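> Residues in the sequence shown are numbered consecutively from 21, following the numbering used here.
A virtual CB, placed ideally from N, CA and C, is assigned to each residue, including glycine.
Values in this document were obtained by computation on a predicted structure and should not be read as measured data.
Okay, handing you the structure first.
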Amino acid sequence: MYLARDFIETAEGLVFAVTLSGIEDGRIIACLRYRPGAGGWTKVGSREAIGLLQERFPQYLHYSPRRDAILQAVPLHRIRRHRRPRERLRELLAQERDDPLIRRLQRLTARLSDCGIATEHLGITGSLLLGCHRPDSDLDLVCYHRDTFHQAREAVRDLTAAGRLQPLSESLWRTTWQRRGRPLDFPTWLWHERRKFNKGAIDGTKFDLMLVEENPAPETGQHWHKAGHLTLQATVIDDADAFATPTRYRLDHPQIPEVLCFTATYMGQARRGERVEIRGRLEISEAGDRRVIVGASREAPGEYVKVMR
Numbered sequence: 021m022y023l024a025r026d027f028i029e030t031a032e033g034l035v036f037a038v039t040l041s042g043i044e045d046g047r048i049i050a051c052l053r054y055r056p057g058a059g060g061w062t063k064v065g066s067r068e069a070i071g072l073l074q075e076r077f078p079q080y081l082h083y084s085p086r087r088d089a090i091l092q093a094v095p096l097h098r099i100r101r102h103r104r105p106r107e108r109l110r111e112l113l114a115q116e117r118d119d120p121l122i123r124r125l126q127r128l129t130a131r132l133s134d135c136g137i138a139t140e141h142l143g144i145t146g147s148l149l150l151g152c153h154r155p156d157s158d159l160d161l162v163c164y165h166r167d168t169f170h171q172a173r174e175a176v177r178d179l180t181a182a183g184r185l186q187p188l189s190e191s192l193w194r195t196t197w198q199r200r201g202r203p204l205d206f207p208t209w210l211w212h213e214r215r216k217f218n219k220g221a222i223d224g225t226k227f228d229l230m231l232v233e234e235n236p237a238p239e240t241g242q243h244w245h246k247a248g249h250l251t252l253q254a255t256v257i258d259d260a261d262a263f264a265t266p267t268r269y270r271l272d273h274p275q276i277p278e279v280l281c282f283t284a285t286y287m288g289q290a291r292r293g294e295r296v297e298i299r300g301r302l303e304i305s306e307a308g309d310r311r312v313i314v315g316a317s318r319e320a321p322g323e324y325v326k327v328m329r
């Protein structure tokens, strides 16, 4: 089974990160993250990835009628290797190499374990999954099951308060904000981020917690088409899927009952009962249902979800 945050390597040596669990039309929805280079794997930015695929590997661009969008996707027959975060974490926790980043990962998981988090429900993605990490790489920790993820968030909050983990420094927060395309100004973005408790630092290394569900709810068979951008204000009436992939917020809006976010920037952004302003793309289904999509691209320029304070 292919799950979000897994890596898949193609016959050409391209490495894609799975963005949506499951299979669509014989393809895995995934974004290009690494390409082979002279010294090993080279990380690829979002814009570079699109240009590279358009110019040299158009077979990995797929029009999805269900979403009315061109997506990066890998046909099953082009997959050469499937890398799973949970298996990789098991390998790294058993290693005794003198690698500073792996040692920090081992300390992080040990401290989460002290708080009752079962390591068999965790995985590692990002550069450590591929084995191309550097001393200054981040730790991208995957939590399988919602209960595990929310317990881990509580553990990060408590361990930080106890001084066993560190809050992110101002420079680390700014680096993350700049990488996400800055659709919100820094103070507004930071206010939202600090209350999520899905980021922190251990011995100066930044880490992220990400939820992956092994049995995600199936998508409806409806086809959607784009109907332009819009801005709306509404109250969140259901935040149960606030950290899911994609993130989903149910709204009290009379015409648009939900917003879906496909970028991690807006995971956990709003809570039930909060008034929000949303800027995104309106989609209308064949049956006339309406929804707003935020984050068709990772940076989501000009699109956002923010709490009205």
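Give me the Cα-Cα distance between D156 and T225, rounded to the nearest whole angstrom.
7 Å
> So, are the CB atoms of I276 and R311 less than 8 Å apart?
yes
> So, are the CB atoms of R173 and L229 less than 8 Å apart?
Contact: yes.
> Do R53 and V64 count as a contact pair if the criterion is CB distance below 8 Å?
Closer than 8 Å, so yes.
> Touch check for the region 199-218 and the region 116-131: three-plus C-beta pairs under 8 Å?
no
> Return the CA-CA distance between C281 and E297, expressed in angstroms with no decimal places.
14 Å
> Using beta-carbon positions only, say whether V162 and T145 come within less than 8 Å of one another.
yes
> Between the alpha carbons of L34 and H82, how many angstroms are there, rounded?
Rounded to the nearest angstrom, the gap between the Cα atoms of L34 and H82 is 16 Å.
> Taking DSSP as the reference, what is the three-state secondary structure of L271?
strand
> For the beta strand (DSSP E) that T145 lies in, which residues bound it at each end?
L142 to T145
> How many Å lie between A130 and T265 at the Cα?
Cα to Cα, the separation comes out at about 26 Å.
> On a CA-only basis, which of R103, H165, L179 and L96 is nearest R127? Give me that one, please.
L179
> What residues in its chain sit with their C-beta under 7 Å from that of G46, if we drop five residues either side in the sequence?
P95 and L96
> Quick check: L185 and A237, are their CB atoms within less than 8 Å of each other?
no
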